[in-house]
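Undergrad: A single structure is presented below for examination.
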Amino acid sequence: MAFPITSSQGSKTETLLKYLNLAQGEQVQVMYVWIDGTGENVRAKTKTLNAEPHSIEELPIWNYDGSSTYQAEGSNSDVYLKPVCMVSDPFRGGKNKLVLCETFKYNWKPTETNNRLQCKKTMDLVKEAVPWFGIEQEYTLMDVDGHPLGWPKNGFPAPQGPYYCGVGANKVFGRDVVESHYRACIYAGIKIGGENAEVMPSQWEYQIGPCEGIEMGDHLWISRFMLHRVCEDFNIVASLDPKPVKGDWNGAGCHTNFSTIGMRAPEGLIEIEAAVDKLSTQHDRHIRCYDPNKGADNARRLTGAHETSPITDFSAGIANRGCSIRIPRQVGEDRCGYLEDRRPASNCDPYLVTEAIVKTVILGKWEDD
Ligand code: ADP
Ligand code: MN
Ligand code: MN
Ligand code: MN
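Residue numbering for the sequence shown follows my numbering, starting at 25 and increasing by one per position.
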């Protein structure tokens with residue numbers, strides 16, 4: 025399908041550009057981005073600063089109405105925004121910024137969906153192991169009516185097979201979104217490693233990483249905000265539902281690739297295998313951290329079919345995509361590298377996922393042990 029060159033408000037892009045090209049003097053627009061009370065969706069609003077900020081410390085604490093984001097009662101509704109990660113804004117360009125924020129209640133306790141605070145503390149404890157992560161973010165493009173993009177309105181496309189890494193107007197839908205988002209991430213300095221079309225038509229993936237420690241969650245969340253924002257320009261919606269279409273269609277995950285300094289060193293396979301053993305003892309705990317609904321979302325996806333392992337079972341194998349944990353073939357051959365945890369859902373919170381892996385594999389304990 026051809027995309028209308030309009031924003032969701034219907035203004036022509038060239039008209040919008042007329043305004044975006046106006047000089048802004050010394051003033052800078054900083055868009056504050058945060059995770060709302062769903063733990064899955066992001067919100068954003070903008071503040072004008074009188075000079076370009078060059079470090080996160082120069083950005084003021086701000087606040088918003090948490091009663092409108094499922095995060096507070098109306099009678100005590102102010103929630104604080106604490107800037108944590110700043111990048112160049114690809115949407116406004118120039119000196120303008122996007123900034124990811126942590127959220128805090130009136131008493132400066134973290135909100136229920138501020139999982140970054142605890143993740144950062146845990147990552148600080150394991151710095152010496154130099155934990156690296158790479159997350160493969162899968163998502164599905166939808167029309168604004170909730171129907172998968174490019175699918176016949178009264179039926180289904182031909183069965184899965186030709187779509188993965190496909191090319192051609194009858195194989196892939198929404199590549200303009202993918203291209204725009206990819207370049208926007210590079211412009212912003214987000215560590216995007218690549219993209220590919222997925223097994224289900226109109227499903228796509230991009231990879232963020234390798235990132236060390238807390239940077240994994242920060243970069244993935246900013247990349248998700250940018251995906252939704254790019255889609256808005258094309259009047260398309262990106263869904264992070266882990267099983268957007270029932271039936272014989274692949275679900276969407278956030279495969280999480282992980283290594284420590286020891287796993288990357290010669291004969292690191294021994295440490296990778298030790299990590300798999302530890303992970304095998306904490307399967308249920310990990311599943312509760314791998315989607316925002318404590319496993320309920322992932323239960324629709326981890327069925328044992330469609331390149332998944334059943335949600336109730338733990339399994340591991342070299343080059344096996346039907347396992348919970350896959351050791352890539354190359355890693356088996358090199359006898360060092362990383363492992364892939366295939367369980368996290370597409371709508372997972374990467375702060376919870378990366379922290380769970382670090383607690384099990386590096387710290388070897390959870391607070392409630
Ligand atoms: P797949 O074959 O599962 O589709 P991808 O190429 O999509 O794999 O993703 C591989 C991911 O692994 C990337 O996000 C990359 O950053 C990450 N990665 C590569 N090396 C390491 C490493 N040593 N530690 C952690 N992650 C890594
Ligand atoms: Mn991949
Ligand atoms: Mn994939
Ligand atoms: Mn993968």
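Beta carbons: idealized from backbone N, C-alpha and C, even for Gly.
Is the closest heavy atom of ligand 3 to the C-beta of Glu-219 under 7 angstroms?
TA: The residue labelled residue 219 in the question sits at position 195 within the sequence shown. It does not: the Cβ of Glu-219 is nowhere closer than 7 angstroms to a heavy atom of ligand 3.
Undergrad: The alpha helix (DSSP H) with Cys-313 in it runs from where to where?
TA: The residue you call residue 313 lines up with position 289 of the sequence shown. Taken as a continuous stretch (DSSP letters only), the alpha helix (DSSP H) holding Cys-313 covers 307-313.
Undergrad: So does the segment 155-173 actually touch the segment 218-227, counting three or more Cβ pairs closer than 8 angstroms?
TA: yes
Undergrad: Which ranges does the beta strand (DSSP E) cover as unbroken runs of at least 3 residues, wholly within the segment 161-214, from first to last along the chain?
TA: none
Undergrad: Give the C-beta separation of Ser-101 and Gly-90 to the nearest angstrom, bearing in mind that I take them to be a contact with Cβ-Cβ under 8 angstroms.
TA: Here residue 101 refers to the residue found at position 77 of the sequence shown. Here residue 90 refers to the residue found at position 66 of the sequence shown. Their Cβ separation, rounded to whole angstroms, is 5 angstroms, which keeps Ser-101 and Gly-90 in contact under 8 angstroms.
Undergrad: Could you please give the first and the last residue of the uninterrupted beta strand (DSSP E) stretch that includes Trp-228?
TA: Position 204 of the sequence shown, counted from the start, is the residue given in the question as residue 228. Counting along the chain, the beta strand (DSSP E) containing Trp-228 begins and ends at 227-236.
Undergrad: CB Gly-292 to CB Gly-361, shorter than 8 angstroms?
TA: Taking the sequence shown and counting its residues from 1, one reaches residue 292 at position 268. Taking the sequence shown and counting its residues from 1, one reaches residue 361 at position 337. Taking 8 angstroms as the Cβ cut-off, Gly-292 and Gly-361 qualify as a contacting pair.
Undergrad: Let me know if His-78 comes out buried or exposed under the rule of 16 or more other beta-carbons within 10 Å of its beta-carbon.
TA: Numbered from its first residue, the sequence shown carries residue 78 at position 54. The residue in question, His-78, is exposed, as its Cβ has fewer than 16 Cβ neighbours within 10 Å.
Undergrad: Is the beta carbon of Gly-63 less than 8 angstroms from the beta carbon of Thr-146?
TA: Your numbering for residue 63 matches position 39 in the sequence shown. Your numbering for residue 146 matches position 122 in the sequence shown. Contact: no.
Undergrad: Is DSSP giving Gly-90 helix, strand or coil here?
TA: Locating residue 90 in the sequence shown gives position 66, counting from the first residue. Helix, per DSSP.
Undergrad: Hey, quick one: how far does the alpha helix (DSSP H) through His-243 stretch, first residue to last?
TA: Position 219 of the sequence shown, counted from the start, is the residue given in the question as residue 243. Bounds of the alpha helix (DSSP H) holding His-243 are 239-258.
Undergrad: Mind checking who Leu-73 pairs with in its DSSP beta bridge?
TA: Counting from one through the sequence shown, the residue named residue 73 turns up at place 49. Bridge partners of Leu-73: Val-52.
Undergrad: Using CA coordinates, which residue listed in Ile-311, Lys-121 and Asp-315 is at the minimum distance from Ser-370?
TA: The count along the sequence shown starts at 1 and reaches residue 370 at position 346. Minimum Cα distance to Ser-370 is reached at Asp-315.
Undergrad: Give the single residue among Asp-272, Thr-332, Thr-327 and Ile-311 whose Cα lies nearest to the Cα of Glu-379.
TA: Sequence index remark: in the sequence shown, residue 379 carries index 355 (1-based). If we check each option's Cα against that of Glu-379, Ile-311 comes out closest.
Undergrad: Looking only at its chain, what residues have a beta carbon closer than 7 angstroms to the beta carbon of Ala-26, apart from the 5 residues adjacent to it on each side?
TA: As a position in the sequence shown, residue 26 is number 2, starting the count at 1. With a pLDDT of 42 at Ala-26, under the threshold of 50, the modelled position of that residue is not reliable, and the figure given next carries that caveat. For Ala-26, where only same-chain residues beyond five positions count, there are no Cβ hits under 7 angstroms.
Undergrad: Does the CB of Lys-215 have a neighbour CB from chain D at under 8 angstroms?
TA: No chain D appears in the structure shown, which is made up of a single protein chain.
Undergrad: Are three or more beta carbon pairs between the segment 179-191 and the segment 263-282 nearer than 8 angstroms?
TA: yes
Undergrad: With 16 other CB atoms within 10 Å as the buried threshold, where does Ile-398 fall?
TA: Outside the shown range of the chain (25 to 393) lies residue 398, about which nothing can therefore be said.
Undergrad: Which residue comes first and which comes last in the alpha helix (DSSP H) that contains Thr-280?
TA: What you label residue 280 is simply residue 256 of the sequence shown in a count that begins at 1. Taken as a continuous stretch (DSSP letters only), Thr-280 belongs to no alpha helix (DSSP H), being part of the beta strand (DSSP E) at 278-283.
Undergrad: Using 7 angstroms as the cut-off, classify the Cβ of Glu-239 as near or not near the heavy atoms of ligand 1, replying yes or no.
TA: Taking the sequence shown and counting its residues from 1, one reaches residue 239 at position 215. Every heavy atom of ligand 1 is 7 angstroms or more from the Cβ of Glu-239, so no.
Undergrad: Look at Tyr-104 and Gly-61 and say whether their C-beta atoms are less than 8 angstroms apart.
TA: Within the sequence shown, residue 104 is the residue found at index 80, counting from 1. Within the sequence shown, residue 61 is the residue found at index 37, counting from 1. No. Outside cutoff.
Undergrad: Measuring only the C-alpha atoms, how far is Phe-157 from Trp-245?
TA: Position 133 of the sequence shown, counted from the start, is the residue given in the question as residue 157. Position 221 of the sequence shown, counted from the start, is the residue given in the question as residue 245. So the two alpha carbons sit approximately 14 angstroms from each other.
Undergrad: Expressed to the nearest angstrom, what Euclidean distance is found between the alpha-carbon atoms of Gly-213 and Trp-228?
TA: Position 189 of the sequence shown holds residue 213. Position 204 of the sequence shown holds residue 228. Cα to Cα, Gly-213 sits roughly 21 angstroms from Trp-228.
Undergrad: Grab me the residues of Asn-65's own chain with a C-beta within less than 8 angstroms of its C-beta, minus the 5 sequence neighbours each way, in chain order.
TA: What you label residue 65 is simply residue 41 of the sequence shown in a count that begins at 1. Ile-59, listed in sequence order.
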